[in-house]
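To keep things clear, I will list the structure first and then write my remarks on it.
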Amino acid sequence: MFGQVLAIAAALGLTYGLLRLRQFILTYGKSQRTSVRIHLRPPQGGGGETVMEEWPREIEFVPLATPVSAPLSQPSDKKQWEMVSVLLGGVLLLSGLEVTNAQNQGRFSGSFPLPTVTPTPTPTPRPSVYGRFGPAELYDEKEKKDEKSPPEKTDSTIIEELKQMREIMQQLQARVHELENQLRNAKSSAPVAESNVNEVVRTTEVSAGNAGKAAQADADRSVLDFFRGTTINLTFDGYYGYNFNRPVGRINLLRAYDVSSNSFSLNQAAVVIERAPDVEAGRRFGGRLDLMFGQATETVQGNPANEPRPQTYRNVWQAYGTYVAPLGKGLTVDFGKFAGSLGYETNYTKDNFNYSRAYFFNYLPFYHFGIRASYPVNDKLTAMYWLVNGANQSEDFNGFKSQAVLLTIKPSSRVTLQTNYYAGQEQRDVNPALNPGFASLPTQPGLSTDVIRPTPDGRFHVLDAYGTFNVTDKLTLALEGDYVINRTFKQAAPARVWGGTAYAKYQFTPKFSLGGRFEYLADRGGLFSGVTQDLKEHTVTAEYKFGEGFLGRIEYRRDYSNQPFFLTNAPGLLKKEQNTATLGLVWWFGRKEGSW
Numbered sequence: 000m001f002g003q004v005l006a007i008a009a010a011l012g013l014t015y016g017l018l019r020l021r022q023f024i025l026t027y028g029k030s031q032r033t034s035v036r037i038h039l040r041p042p043q044g045g046g047g048e049t050v051m052e053e054w055p056r057e058i059e060f061v062p063l064a065t066p067v068s069a070p071l072s073q074p075s076d077k078k079q080w081e082m083v084s085v086l087l088g089g090v091l092l093l094s095g096l097e098v099t100n101a102q103n104q105g106r107f108s109g110s111f112p113l114p115t116v117t118p119t120p121t122p123t124p125r126p127s128v129y130g131r132f133g134p135a136e137l138y139d140e141k142e143k144k145d146e147k148s149p150p151e152k153t154d155s156t157i158i159e160e161l162k163q164m165r166e167i168m169q170q171l172q173a174r175v176h177e178l179e180n181q182l183r184n185a186k187s188s189a190p191v192a193e194s195n196v197n198e199v200v201r202t203t204e205v206s207a208g209n210a211g212k213a214a215q216a217d218a219d220r221s222v223l224d225f226f227r228g229t230t231i232n233l234t235f236d237g238y239y240g241y242n243f244n245r246p247v248g249r250i251n252l253l254r255a256y257d258v259s260s261n262s263f264s265l266n267q268a269a270v271v272i273e274r275a276p277d278v279e280a281g282r283r284f285g286g287r288l289d290l291m292f293g294q295a296t297e298t299v300q301g302n303p304a305n306e307p308r309p310q311t312y313r314n315v316w317q318a319y320g321t322y323v324a325p326l327g328k329g330l331t332v333d334f335g336k337f338a339g340s341l342g343y344e345t346n347y348t349k350d351n352f353n354y355s356r357a358y359f360f361n362y363l364p365f366y367h368f369g370i371r372a373s374y375p376v377n378d379k380l381t382a383m384y385w386l387v388n389g390a391n392q393s394e395d396f397n398g399f400k401s402q403a404v405l406l407t408i409k410p411s412s413r414v415t416l417q418t419n420y421y422a423g424q425e426q427r428d429v430n431p432a433l434n435p436g437f438a439s440l441p442t443q444p445g446l447s448t449d450v451i452r453p454t455p456d457g458r459f460h461v462l463d464a465y466g467t468f469n470v471t472d473k474l475t476l477a478l479e480g481d482y483v484i485n486r487t488f489k490q491a492a493p494a495r496v497w498g499g500t501a502y503a504k505y506q507f508t509p510k511f512s513l514g515g516r517f518e519y520l521a522d523r524g525g526l527f528s529g530v531t532q533d534l535k536e537h538t539v540t541a542e543y544k545f546g547e548g549f550l551g552r553i554e555y556r557r558d559y560s561n562q563p564f565f566l567t568n569a570p571g572l573l574k575k576e577q578n579t580a581t582l583g584l585v586w587w588f589g590r591k592e593g594s595w
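Numbered per numbering that gives the first Met the number 0, the sequence shown spans residues 0 to 595.
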């Protein structure tokens with residue numbers, strides 16, 4: 000009977016010890032994986048009988064916690080483990096079992112024999128429920144006999160209880176593994192959560208104490224956004240030309256820009272500021288301003304033959320605003336002063352094959368002021384319409400509005416064709432008030448009221464066509480044809496100009512190229528040159544590009560006519576030809592790409 004009591008006490012002590020061990024592991028065992036293994040074996044050399052031979056030889060309790068951070072070698076952890084070791088060992092000793100204790104990095108093994116119990120008549124101290132010797136509580140045999148003995152437990156009952164304990168421990172282990180997985184998931188999402196927290200903190204700081212800095216940052220961002228979509232571009236174009244006729248006044252006739260001989264000259268210096276529309280970015284409007292200075296300015300926009308007040312707009316080469324209307328594929332509308340599109344060549348030297356300009360560039364309108372609208376019909380066709388003051392007129396000098404229809408055709412990626420028709424009335428109805436002094440009327444000076452009688456009412460028509468052919472990546476050809484007719488009065492005899500130009504350029508290397516031009520212009524009635532004649536010219540230009548933004552050109556040009564026309568070194572003596580050699584240097588800077 001007493002042996003059974005001791006066995007029950009041992010089981011209770013073992014249960015309590017394991018519960019205390021579980022509590023400790025849940026509290027302090029986060030740094031190491033912990034396991035408890037108990038070996039049960041019969042007594043060695045005791046000579047007694049084995050009471051519970053059916054017990055399992057080994058019972059193992061699997062880990063109760065997972066490693067987190069701190070190693071078990073911490074002194075506080077060792078003390079706690081030693082406490083548990085003593086606790087478990089004490090329980091087993093009080094249960095009358097033989098115990099051996101070995102500590103190895105948090106692992107314990109208790110080996111004890113299954114006892115052969117012999118009742119002892121002498122009183123013994125009873126262990127307290129905490130596994131320590133409490134107050135001496137002595138029991139004599141009479142008291143023990145009077146006590147009600149607990150019901151005896153069979154071996155199978157104890158084994159069943161141990162199995163139930165094992166199942167409980169396995170359930171605890173499953174729960175611990177579940178908590179481990181939740182912990183891992185929480186750690187993996189911690190960076191995102193931390194980022195969100197940091198963002199909230201930053202936002203709070205800005206709204207609470209950094210409102211001024213945020214406003215400054217927004218202002219800086221708006222400035223950067225403006226310049227990201229805006230280009231500021233500069234160009235400087237200078238030359239030295241020599242006319243072998245050595246003309247009086249050092250003048251090259253029929254030249255648009257390179258008008259001076261035997262002189263270092265400024266062709267033009269220009270500033271181009273452009274903010275083009277960007278529909279994809281939600282900006283449907285834009286604008287452009289070109290300011291020009293130099294000899295080219297006097298040619299293209301300082302001519303009093305066309306401008307009532309040339310001094311007012313002389314340095315403004317282009318100034319217009321743009322709006323892309325949400326109609327179909329986008330209708331682009333410009334209002335202001337813009338460069339003409341009649342003729343193959345353009346204002347800026349870097350965008351042409353040669354340094355000098357052709358006759359037709361010098362004759363066809365340089366610029367217009369008014370409205371132009373363009374619409375991309377499809378990928379191959381773009382249509383444009385103009386309603387303007389007239390040819391080379393910032394201010395209208397007759398009250399009649401000129402019109403133009405232009406078609407751009409791209410049958411392939413290597414071919415571009417342009418067909419233009421322009422019609423207007425290009426005769427003034429008032430005499431200009433040049434070099435104005437004090438205004439004769441309460442208005443701006445230079446505005447004239449000197450009406451011409453009879454008022455000219457003739458029409459001016461231009462039919463212009465040209466095409467570009469990129470034969471290969473290195474060879475580019477271009478052709479241009481023009482027909483112009485003008486009448487001063489509706490019933491007057493017409494004056495005509497017709498002819499054509501052929502261009503070729505071969506890019507030998509990325510830096511070096513040769514360009515050529517041949518031109519014929521028939522001037523009937525002196526509409527271009529003031530004399531009825533047939534004009535021809537051929538030009539050869541060698542170009543070397545030192546880098547993107549700087550190039551030099553050496554050019555030879557010969558002009559000739561069927562009439563004596565060109566100046567010589569003798570006043571009044573004219574020749575049928577003039578030959579010139581020119582060295583031109585062009586610099587340009589800015590983010591604007593392609594032709595300007």
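We put the beta carbon where it would ideally sit given N, CA and C, even for glycine.
If you check the beta carbons only, do residue i and residue j fall under 8 Å apart?
i: tyrosine 354; j: threonine 508; result: no
i: glycine 524; j: alanine 491; result: no
i: valine 429; j: threonine 448; result: yes
i: glycine 342; j: phenylalanine 360; result: yes
i: phenylalanine 527; j: tryptophan 586; result: no
i: valine 247; j: asparagine 568; result: yes
i: threonine 381; j: asparagine 266; result: no
i: glutamate 518; j: threonine 500; result: yes
i: lysine 336; j: phenylalanine 368; result: yes
i: lysine 591; j: glutamate 273; result: yes
i: threonine 475; j: lysine 504; result: yes
i: tyrosine 543; j: phenylalanine 511; result: yes
i: arginine 356; j: alanine 269; result: no
Please classify residue i as buried or exposed, where buried requires at least 16 neighbouring CB atoms within 10 angstroms.
i: leucine 91; result: Here leucine 91 scores only 47 on pLDDT, less than 50, and its place in the model should not be relied on; the value that follows carries that caveat. So leucine 91 counts as buried.
i: valine 450; result: exposed
i: phenylalanine 111; result: Because the pLDDT of phenylalanine 111 is 38, which lies under 50, any placement of that residue in the model is unreliable, and the number read from its coordinates should be weighed accordingly. Its Cβ being crowded by 16 or more others within 10 Å, phenylalanine 111 is buried.
i: leucine 137; result: Note on leucine 137: pLDDT 42, under 50, position unreliable in the model; the coordinate value appears next. Flag for leucine 137 reads exposed.
i: phenylalanine 352; result: buried
i: glutamate 547; result: exposed
i: serine 594; result: exposed
i: phenylalanine 225; result: exposed
i: asparagine 614; result: Outside the displayed range of the chain (0 to 595) lies residue 614, so it cannot be described from this structure.
i: asparagine 261; result: exposed
i: aspartate 289; result: buried
i: arginine 371; result: buried
i: leucine 520; result: buried
i: threonine 156; result: exposed
i: glutamine 294; result: buried
i: glycine 514; result: buried
i: valine 376; result: exposed
i: phenylalanine 459; result: buried
i: serine 264; result: buried
i: threonine 296; result: buried
My guess is that residue i and residue j are in contact by the Cβ rule of under 8 Å, so how many angstroms apart are they, rounded?
i: threonine 321; j: threonine 331; result: 6 Å
i: leucine 534; j: tyrosine 358; result: 6 Å
i: serine 393; j: glutamate 306; result: 6 Å
i: proline 435; j: proline 444; result: 4 Å
I'd like to confirm the pairing. Which residues does DSSP put opposite residue i in its beta bridges?
i: threonine 234; result: Ala269, Trp587
i: alanine 382; result: Tyr374, Leu406
i: serine 168; result: According to the sequence provided, residue 168 is methionine. The question's serine does not apply to it. Methionine 168 is not bridged to any residue.
i: tyrosine 322; result: Phe284, Val332
i: alanine 580; result: Tyr241, Tyr555
i: histidine 367; result: Phe337
i: asparagine 479; result: It is glutamate, not asparagine, that sits at residue 479 in the sequence shown. Glutamate 479 is bridged to Tyr465, Thr500.
i: glycine 515; result: Ala503, Val539
i: serine 560; result: Leu534
i: leucine 550; result: Lys544, Val585
i: threonine 415; result: Thr467
i: phenylalanine 459; result: Gly423, Asn485
i: valine 450; result: Val429
Any chance the stretch 418 to 428 sits against the stretch 460 to 467, with 3 or more Cβ pairs inside 8 Å? yes
Would you check if the stretch 362 to 376 and the stretch 277 to 295 touch, i.e. whether three or more CB-CB distances between them fall below 8 Å? no
Touch check for the stretch 307 to 316 and the stretch 467 to 483: three-plus C-beta pairs under 8 Å? no
Does the stretch 548 to 563 come within contact of the stretch 573 to 593, defined as at least 3 CB pairs closer than 8 Å? yes
Counting beta carbon pairs with one atom in the stretch 233 to 243 and one in the stretch 569 to 580, are three or more of them shorter than 8 Å? yes
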